[in-house]
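>
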Amino acid sequence: MIDSMTHRKLSKTAQRPSPTRPRHGATNATWCTRILSTRMLSISALMLAMASTTTWASDVKSQQTQAADIARNMANNTDTCYVEGVSDRLNCGFVTVPENPNKPDGKQIQVHYVVLPAVKNVNHEEALLAIAGGPGQSAIDNATGFDAMLSKVRQQRDILLIDQRGTGRSNLLTCDEGAQSPLSFDDDNADTLAETQKCLAKIDADVTQYGSLNAIKDFEAVRQHLGYKKLHVYGISYGTRMAQLYMRLYPAHLATVTLDGIVPMQQSVLEIGASIDRGFDLLFKDCQETTACHAQFPELKAEFDQVAASLAKAPVMENVYDPVTGEKTMLTMTRGKFYGSIRMALYQANVRALVPHAIHQAAKHNFQPILGLYSLTIDNAGMAMGMHASVVCGEDMHRITPAMREQAQHSFMGKTMLEGLEATCEVWKVPAVDDSFSEPISSDIPTLLLSGEIDPATPPSWGELAMEKLTNAKHFVAPYATHGVAYQSCANNLIADLVRSGSVKDLDGECLKKDVRRSFYLNASSVEPLDATGTKTITTDDNASTGAKE
Amino acid sequence: MNKIMAMVRKELIDAARDKRSVMAGLYYAIGTPLIMCGLFMVLIGQLTSPDDLKITITNPDKAPDLVRFLSNKGINSGEAKDSELKAIELIISTDYAAQMNQGKGAEITIVADNSNEKLQNSIRRLEKQLQSYSTEMGSLRLIARGIDPRVMQPLKVNVHDQATSDSKGGMILGIAIFTMIYSVFISGMNLAIDTSAGERERNSLALLLSHPLTTRQLVLSKIIAVSLFALLGLVLILLVSKIAYTFVPWQELGFSVNITTEFMALMLVVGIPVALMAACLQLFVSFMAKTFKEAQSYLTMVLFVPLALSMAASYNIAPDMLQWLPVSGQQQALMDFIKGKDLPMLQLLVSTLGTLAIAVLLAFGMERSLKSEKVIFGL
Numbered sequence: 419m420i421d422s423m424t425h426r427k428l429s430k431t432a433q434r435p436s437p438t439r440p441r442h443g444a445t446n447a448t449w450c451t452r453i454l455s456t457r458m459l460s461i462s463a464l465m466l467a468m469a470s471t472t473t474w475a476s477d478v479k480s481q482q483t484q485a486a487d488i489a490r491n492m493a494n495n496t497d498t499c500y501v502e503g504v505s506d507r508l509n510c511g512f513v514t515v516p517e518n519p520n521k522p523d524g525k526q527i528q529v530h531y532v533v534l535p536a537v538k539n540v541n542h543e544e545a546l547l548a549i550a551g552g553p554g555q556s557a558i559d560n561a562t563g564f565d566a567m568l569s570k571v572r573q574q575r576d577i578l579l580i581d582q583r584g585t586g587r588s589n590l591l592t593c594d595e596g597a598q599s600p601l602s603f604d605d606d607n608a609d610t611l612a613e614t615q616k617c618l619a620k621i622d623a624d625v626t627q628y629g630s631l632n633a634i635k636d637f638e639a640v641r642q643h644l645g646y647k648k649l650h651v652y653g654i655s656y657g658t659r660m661a662q663l664y665m666r667l668y669p670a671h672l673a674t675v676t677l678d679g680i681v682p683m684q685q686s687v688l689e690i691g692a693s694i695d696r697g698f699d700l701l702f703k704d705c706q707e708t709t710a711c712h713a714q715f716p717e718l719k720a721e722f723d724q725v726a727a728s729l730a731k732a733p734v735m736e737n738v739y740d741p742v743t744g745e746k747t748m749l750t751m752t753r754g755k756f757y758g759s760i761r762m763a764l765y766q767a768n769v770r771a772l773v774p775h776a777i778h779q780a781a782k783h784n785f786q787p788i789l790g791l792y793s794l795t796i797d798n799a800g801m802a803m804g805m806h807a808s809v810v811c812g813e814d815m816h817r818i819t820p821a822m823r824e825q826a827q828h829s830f831m832g833k834t835m836l837e838g839l840e841a842t843c844e845v846w847k848v849p850a851v852d853d854s855f856s857e858p859i860s861s862d863i864p865t866l867l868l869s870g871e872i873d874p875a876t877p878p879s880w881g882e883l884a885m886e887k888l889t890n891a892k893h894f895v896a897p898y899a900t901h902g903v904a905y906q907s908c909a910n911n912l913i914a915d916l917v918r919s920g921s922v923k924d925l926d927g928e929c930l931k932k933d934v935r936r937s938f939y940l941n942a943s944s945v946e947p948l949d950a951t952g953t954k955t956i957t958t959d960d961n962a963s964t965g966a967k968e
Numbered sequence: 003m004n005k006i007m008a009m010v011r012k013e014l015i016d017a018a019r020d021k022r023s024v025m026a027g028l029y030y031a032i033g034t035p036l037i038m039c040g041l042f043m044v045l046i047g048q049l050t051s052p053d054d055l056k057i058t059i060t061n062p063d064k065a066p067d068l069v070r071f072l073s074n075k076g077i078n079s080g081e082a083k084d085s086e087l088k089a090i091e092l093i094i095s096t097d098y099a100a101q102m103n104q105g106k107g108a109e110i111t112i113v114a115d116n117s118n119e120k121l122q123n124s125i126r127r128l129e130k131q132l133q134s135y136s137t138e139m140g141s142l143r144l145i146a147r148g149i150d151p152r153v154m155q156p157l158k159v160n161v162h163d164q165a166t167s168d169s170k171g172g173m174i175l176g177i178a179i180f181t182m183i184y185s186v187f188i189s190g191m192n193l194a195i196d197t198s199a200g201e202r203e204r205n206s207l208a209l210l211l212s213h214p215l216t217t218r219q220l221v222l223s224k225i226i227a228v229s230l231f232a233l234l235g236l237v238l239i240l241l242v243s244k245i246a247y248t249f250v251p252w253q254e255l256g257f258s259v260n261i262t263t264e265f266m267a268l269m270l271v272v273g274i275p276v277a278l279m280a281a282c283l284q285l286f287v288s289f290m291a292k293t294f295k296e297a298q299s300y301l302t303m304v305l306f307v308p309l310a311l312s313m314a315a316s317y318n319i320a321p322d323m324l325q326w327l328p329v330s331g332q333q334q335a336l337m338d339f340i341k342g343k344d345l346p347m348l349q350l351l352v353s354t355l356g357t358l359a360i361a362v363l364l365a366f367g368m369e370r371s372l373k374s375e376k377v378i379f380g381l
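Protein chains in written order, with our numbering: chain A, 419 to 968; chain B, 3 to 381.
(1) Relative to chain B, which residues along the segment 777–791 of chain A have a C-beta separation below 7 Å, given in chain order?
(2) Residues in the same chain with beta-carbon distance under 8 Å from B:A17, minus the five sequence neighbours each way, listed in chain order, please.
(3) Give me, in chain order, the residues of the same chain whose beta-carbon lies closer than 7 Å to that of B:F249; leave out the 5 immediate sequence neighbours on both sides.
(4) Quick one: does B:V250 have its CB under 7 Å from some CB of chain A?
(5) Thinking C-alpha only, which one of A:Y500, A:P682 and A:A732 is nearest B:H162?
(6) Determine the extent of the beta strand (DSSP E) in which A:L546 is found, giving its start and end residues.
(7) If we count the other Cβ atoms within 10 Å of its Cβ and call it buried at 16 or more, is A:C843 buried or exposed?
(8) Nearest to B:T263 by alpha carbon, out of B:G273, B:L240 and B:L285?
(9) Is the shortest distance between the beta-carbon of A:Q433 and the beta-carbons of chain B less than 7 Å?
(10) Applying the 10 Å Cβ sphere with the 16-neighbour rule, what's the burial state of B:L355?
(11) Would you verify that the beta carbon of B:R147 is, or is not, closer than 7 Å to some beta carbon of chain A?
(12) So, using beta-carbon positions, are B:I114 and B:I77 closer together than 7 Å?
(13) Contact defined as beta carbons within less than 8 Å: I believe B:A361 pairs with B:L278. What is the distance between those atoms, to the nearest angstrom?
(14) Is the Cβ-Cβ distance between A:P874 and A:L764 less than 7 Å?
(15) So, with DSSP's three-state summary, where would you put A:G800?
(16) Tell me the rounded alpha-carbon separation between B:S353 and B:M266.
(17) With distances taken from CA atoms, which of B:N103, B:F339 and B:E119 is nearest B:G140?
(18) Which residue spans inside the segment 572–638 of chain A form an unbroken beta strand (DSSP E) run of at least 3?
(19) Below 8 Å on C-beta distance, what does A:A942 contact in chain B?
(20) In chain B, what lies closer than 8 Å to A:L794 by C-beta?
(21) Rounded to the nearest angstrom, what separates A:A485 and A:R507 at their Cα positions?
(22) Counting only C-beta atoms, is A:P878 closer than 7 Å to chain B at any point?
(23) For A:A904, collect the residues of the same chain with a Cβ closer than 7 Å to its Cβ; drop the 5 residues on either side in sequence, then sort them by chain order.
(24) Can you give me the Cβ contacts of A:Y668 inside the same chain, cut-off strictly under 6 Å, excluding the 5 residues immediately before and after it?
(25) Keeping to the same chain, check which residues put their C-beta closer than 8 Å to that of B:D54; ignore five residues upstream and five downstream.
(26) Considering only C-alpha positions, which residue in the set B:G342, B:K341 and B:P328 is nearest to B:L348?
(27) Between A:L948 and A:P682, which are expected to be in contact by the criterion C-beta below 8 Å, what is the C-beta distance as a whole number of angstroms?
(28) Is B:S316 closer than 7 Å to B:F180 when the C-beta atoms are compared?
(29) May I have the straight-line CA-CA distance separating B:F257 from A:R572, to the nearest angstrom?
(30) Which residues in the same chain as B:L345 place their Cβ atom closer than 7 Å to its Cβ, once the five residues preceding and following it in sequence are excluded?
(31) Can you give me the Cβ contacts of B:S169 inside the same chain, cut-off strictly under 7 Å, excluding the 5 residues immediately before and after it?
(32) Answer yes or no: does any C-beta atom of chain A fall closer than 7 Å to that of B:E129?
(33) Nearest by alpha-carbon distance to A:M805: which of A:V738, A:A623 and A:L718 is it?
(34) How would you list, in chain order, the residues of chain B whose beta-carbon sits under 7 Å from the beta-carbon of A:Q573?
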């Protein structure tokens with residue numbers, strides 16, 4: 419159901435920012451509106467998402483986490499538009515599809531897309547479709563990151579970004595409400611059930627219709643609307659599930675597929691708890707094996723356990739300065755926030771480098787660094803939590819086995835996430851998908867699979883699982899990469915090669931082995947040990963002893 | 003009319019006989035796009051910073067994290083004898099670690115010659131990466147102090163670039179269009195000299211005029227023959243350009259150069275009046291000259307005027323005035339077309355009419371002068 423006739427007329431409404439998406443106004447009001455999603459994030463959001471959305475002060479690229487404005491060029495009455503962070507003229511539009519495919523005459527929703535046009539288009543019948551993670555991230559809001567990462571592909575082919583139904587501009591399902599500050603909020607004692615009910619009451623949509631299977635039909639409709647004969651697909655994180663569904667349902671329209679940070683069909687994403695714990699353990703191991711880090715923080719694991727145990731007894735309440743406004747405010751540091759901040763820091767190699775210092779300081783009752791890390795997670799990476807729940811409740815919840823439940827009891831993250839989502843799904847009431855949904859993908863489409871060894875969300879073993887019935891695929895594990903290998907290594911060049919050649923045969927993952935690690939922060943200012951030369955061993959021992967005394 | 007056709011055929015047969023001198027004009031049409039593309043390919047190779055940039059890093063052990071960061075961005079420390087080593091040195095201060103530990107700015111120095119065009123891109127790339135490392139660390143320092151790094155970004159500047167990937171190649175296309183217009187002038191030049199000053203030197207001009215033929219018919223047939231050659235040159239350069247330009251990796255500079263069929267058709271249509279004017283101008287000057295050689299040297303000087311106009315248009319000098327003048331007006335219209343803008347119809351019309359007016363004036367001048375014995379016998 420593609421409605422291109424009403425396209426221009428309706429596009430006027432499309433340019434209005436959705437009222438449910440608060441901007442970064444850096445005001446207290448903004449902080450307050452985010453509280454529910456924040457709580458949901460720190461407790462239960464899967465965050466199968468690109469964490470590379472965190473941006474830096476005065477970075478050239480603008481903040482991707484903000485809702486990207488599509489300013490339609492109404493003067494020329496064309497589809498030309500601009501997306502935040504990309505200065506080029508882009509082509510925008512949408513298709514209109516029924517919310518419920520079984521009721522084609524029922525409520526209609528718009529699925530918006532943006533095409534980043536190729537610099538020199540060598541093949542007008544092909545494009546690369548980049549699928550965002552989450553579930554719940556907007557692909558269009560992440561255009562800057564996709565554009566930079568896929569710049570080589572874009573030299574010769576269009577890049578197609580689609581806001582999956584329920585995200586971004588495509589009938590966003592989000593939960594922004596509540597009045598409490600995310601800093602003072604006590605998430606360990608929250609009433610998820612009540613909050614979720616409040617959220618659902620405000621959503622004007624049939625939340626059972628926002629799963630992956632309906633969304634993949636929308637993607638196919640966009641492809642037909644734009645007239646591309648073949649698509650190259652890049653999926654990151656949860657986006658790999660969408661990519662795999664595309665392989666299963668419309669294989670004839672795919673040229674190549676890249677799965678980055680893989681969620682295999684056989685895997686319930688709720689097992690992410692174990693992956694998170696693995697990510698934490700790898701961090702402690704990394705620090706221990708790095709001379710400077712071990713010397714500075716010899717008891718890192720013990721310090722972490724100590725802080726977690728003490729926060730479990732009672733959260734730390736103290737007066738701090740708000741990370742954005744600089745005003746005095748109350749911080750309630752709970753175990754959930756502590757875990758959540760560190761967990762999110764592990765998504766990015768450069769933020770991960772700060773974690774040992776942050777843990778060490780927390781053990782010394784200085785929560786400033788943790789507060790800094792926590793403030794990065796407050797905007798929730800732009801996830802649409804309503805859509806997130808629709809996907810997870812329909813596709814993953816029913817797959818939990820007693821064994822998984824038992825295992826989750828041993829892990830704080832696993833347990834809290836499971837409990838949080840169970841409460842959410844109880845309200846959301848999404849019918850479970852068929853068992854056939856969880857079957858491995860069997861395909862001979864050239865497929866590149868990418869896993870990061872230190873990924874805190876989708877470990878390399880998940881990638882192996884996805885390989886089960888792929889006959890024309892290669893799986894590379896980047897030893898130093900976290901989540902989203904293509905953003906932190908040469909893997910984006912591999913994708914460009916794959917798209918150009920249409921075959922995985924000549925792909926060589928050797929360049930992924932390049933050491934791209936970032937040194938750990940030894941204090942709040944420096945990553946370089948004071949004695950980098952000559953007398954290394956002797957002086958680091960000194961440091962170690964002083965470190966221990968602290 | 004038949005007489006004119008017969009004369010045109012005679013001129014073309016004449017031209018075909020002296021293959022070498024006439025073909026010399028056409029060689030230009032074939033050769034220029036090829037040479038230009040070759041030059042651009044070399045230039046692009048030099049201007050774009052190599053994927054793997056090798057520079058000299060002094061004291062890399064003082065800042066291993068920075069060195070690894072740069073290496074991850076393709077900037078590596080190279081060996082002194084390495085041929086790909088760029089003459090850029092990055093000196094890391096021996097106090098780097100100490101300064102960094104105190105939260106101060108750690109010193110690094112870039113030593114390079116900024117006037118060297120071949121290095122500019124690489125230097126800028128190095129500076130950009132150092133800047134992004136510095137920004138990133140600054141942000142993490144703020145986080146470590148419990149401050150959201152976004153407060154360091156008080157201005158959020160959005161750029162809405164109106165250019166398309168085609169219009170970004172406008173400068174290159176300006177030069178391409180210039181070579182095409184130039185080919186209209188060059189291709190017919192030898193024939194123009196040969197058929198006028200040459201004919202006179204061979205003493206066949208007087209013979210021709212003794213036939214039952216008006217001077218107007220003679221002049222027209224010569225103009226047609228020369229114009230045909232000029233257009234042949236234009237067709238050739240368009241065909242060769244269409245093929246050759248696709249081989250240059252323009253996308254590496256972030257734009258595309260596309261010689262479309264529509265552009266070729268427009269160029270051909272626009273080229274006809276220009277070819278007529280070129281033929282008239284060249285014939286007129288050649289007739290005025292006393293000898294073949296003199297004609298050659300005069301023409302080189304006279305041709306400078308239209309070419310200067312075209313050149314000025316392609317470098318965007320005084321565009322407001324140039325868009326109304328012959329040659330430069332057509333050139334600007336063509337450039338607008340290729341940039342995807344609306345064709346400036348009025349300007350194109352005015353400059354085309356101007357071109358034709360000059361052609362007609364020159365043709366009349368020729369007709370009159372050929373009635374004088376002084377001109378016919380080169381006295």
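Ideal Cβ placement from N, Cα and C applies to all residues, glycine included.
So, from the listed chains and residues:
(1) When CB distances to chain B are screened at a threshold of 7 Å, the residues of the segment 777–791 of chain A falling below it are Q786, P787, L789, G790 and L791, in chain order.
(2) Taking the second sequence and counting its residues from 1, one reaches residue 17 of chain B at position 15. Listed in chain order, the non-local C-beta contacts of B:A17 below 8 Å within the same chain comprise V24, L193, D196, T197, A227 and F231, local neighbours out to five positions each way being set aside.
(3) Walking along the second sequence from the start, residue 249 of chain B turns up at place 247. Once the five neighbours on either side are set aside, the close Cβ partners of B:F249 are C39.
(4) Taking the second sequence and counting its residues from 1, one reaches residue 250 of chain B at position 248. Interface flag for B:V250 against chain A is unset, since no Cβ pair is found closer than 7 Å.
(5) The sequence position of residue 162 of chain B within the second sequence is 160, counting from 1. Nearest of A:Y500, A:P682 and A:A732 to B:H162, Cα basis: A:Y500.
(6) As a working note, residue 546 of chain A is residue 128 in the first sequence. Boundaries of the beta strand (DSSP E) harbouring A:L546: E544 to I549, taken from the DSSP string.
(7) Position 425 of the first sequence, counting from 1, holds the residue named residue 843 of chain A. Taking all protein chains in view, the Cβ of A:C843 is crowded by 16 or more other Cβ atoms within 10 Å, so the residue is classified as buried.
(8) As a working note, residue 263 of chain B is residue 261 in the second sequence. Between B:T263 and the set B:G273, B:L240 and B:L285, the nearest pair of CA atoms involves B:L240.
(9) Counting from one through the first sequence, the residue named residue 433 of chain A turns up at place 15. At A:Q433 the pLDDT is 31, less than 50, meaning the model places this residue with poor confidence; the figure from the coordinates comes in the next sentence. So, not an interface residue.
(10) Stepping through the second sequence from its first residue, residue 355 of chain B is reached at position 353. So B:L355 ends up on the exposed side.
(11) The sequence position of residue 147 of chain B within the second sequence is 145, counting from 1. By this cut-off, B:R147 is an interface position.
(12) Within the second sequence, numbered from 1, the residue matching residue 114 of chain B stands at position 112. Within the second sequence, numbered from 1, the residue matching residue 77 of chain B stands at position 75. Going by the sequence as given, residue 114 of chain B is Ala instead of Ile. Result no, Cβ atoms of B:A114 and B:I77 do not sit closer than 7 Å.
(13) Along the second sequence, one-based indexing puts residue 361 of chain B at 359. Along the second sequence, one-based indexing puts residue 278 of chain B at 276. Rounded, the Cβ-Cβ distance is 5 Å, consistent with contact.
(14) As a working note, residue 874 of chain A is residue 456 in the first sequence. As a working note, residue 764 of chain A is residue 346 in the first sequence. A contact, by the Cβ cut-off of 7 Å.
(15) Residue 800 of chain A sits at position 382 when you count from the first residue of the first sequence. Under the three-state reduction of DSSP, A:G800 is assigned to helix.
(16) In the second sequence, residue 353 of chain B corresponds to position 351, counting from 1. In the second sequence, residue 266 of chain B corresponds to position 264, counting from 1. B:S353 and B:M266 have their C-alpha atoms spaced approximately 19 Å apart.
(17) Along the second sequence, one-based indexing puts residue 140 of chain B at 138. The option with the nearest alpha carbon to B:G140 is B:N103.
(18) Those beta strand (DSSP E) runs which fall completely within the segment 572–638 of chain A and span 3+ residues are 576–580.
(19) One-based indexing of the first sequence puts residue 942 of chain A at position 524. In chain order: G105, R143, A146 and R147.
(20) Translated into positions along the first sequence, residue 794 of chain A becomes position 376. Simply I145 and D150.
(21) Position 67 of the first sequence holds residue 485 of chain A. Position 89 of the first sequence holds residue 507 of chain A. Legend: pLDDT at A:A485 = 34, less than 50; position of this residue unreliable, value from coordinates given subsequently. Those two C-alpha atoms are separated by around 18 Å.
(22) Locating residue 878 of chain A in the first sequence gives position 460, where the first residue counts as 1. No - not a single Cβ of chain B is within 7 Å of the one on A:P878.
(23) Start at 1 with the first residue of the first sequence, and residue 904 of chain A comes out as number 486. Listed in chain order, the non-local C-beta contacts of A:A904 below 7 Å within the same chain comprise M567, D678, L868, N910 and I913, local neighbours out to five positions each way being set aside.
(24) The count along the first sequence starts at 1 and reaches residue 668 of chain A at position 250. Around A:Y668: E638.
(25) Here residue 54 of chain B is taken as the residue at index 52 of the second sequence, counted from 1. In the same chain as B:D54, and ignoring 5 residues on each side of it, the C-beta atoms closer than 8 Å to its own belong to G76, N78 and E86, in chain order.
(26) Stepping through the second sequence from its first residue, residue 348 of chain B is reached at position 346. When only C-alpha atoms are compared, the closest one is B:P328.
(27) In the first sequence, residue 948 of chain A corresponds to position 530, counting from 1. In the first sequence, residue 682 of chain A corresponds to position 264, counting from 1. A:L948 to A:P682, Cβ: 46 Å. No contact.
(28) In the second sequence, residue 180 of chain B corresponds to position 178, counting from 1. In the second sequence, residue 316 of chain B corresponds to position 314, counting from 1. The answer is yes: Cβ separation under 7 Å.
(29) Residue 257 of chain B sits at position 255 when you count from the first residue of the second sequence. Residue 572 of chain A sits at position 154 when you count from the first residue of the first sequence. Cα atoms of B:F257 and A:R572: separation of roughly 11 Å, rounded to the nearest angstrom.
(30) As a first step, residue 345 of chain B must be located in the second sequence, where it is residue number 343. So the qualifying residues of the chain are A335, D338 and F339.
(31) In the second sequence, residue 169 of chain B corresponds to position 167, counting from 1. In chain order, K341 and G342 place their CB closer than 7 Å to the CB of B:S169, counting only its own chain and leaving out the 5 sequence neighbours on each side.
(32) Along the second sequence, one-based indexing puts residue 129 of chain B at 127. For B:E129, the nearest beta carbon of chain A is not closer than 7 Å to its own beta carbon.
(33) Start at 1 with the first residue of the first sequence, and residue 805 of chain A comes out as number 387. The residue with the shortest Cα to Cα distance from A:M805 is A:A623.
(34) By one-based count along the first sequence, residue 573 of chain A stands at place 155. Ordered by position in chain B, the residues that pass the 7 Å Cβ test against A:Q573 are Q253.
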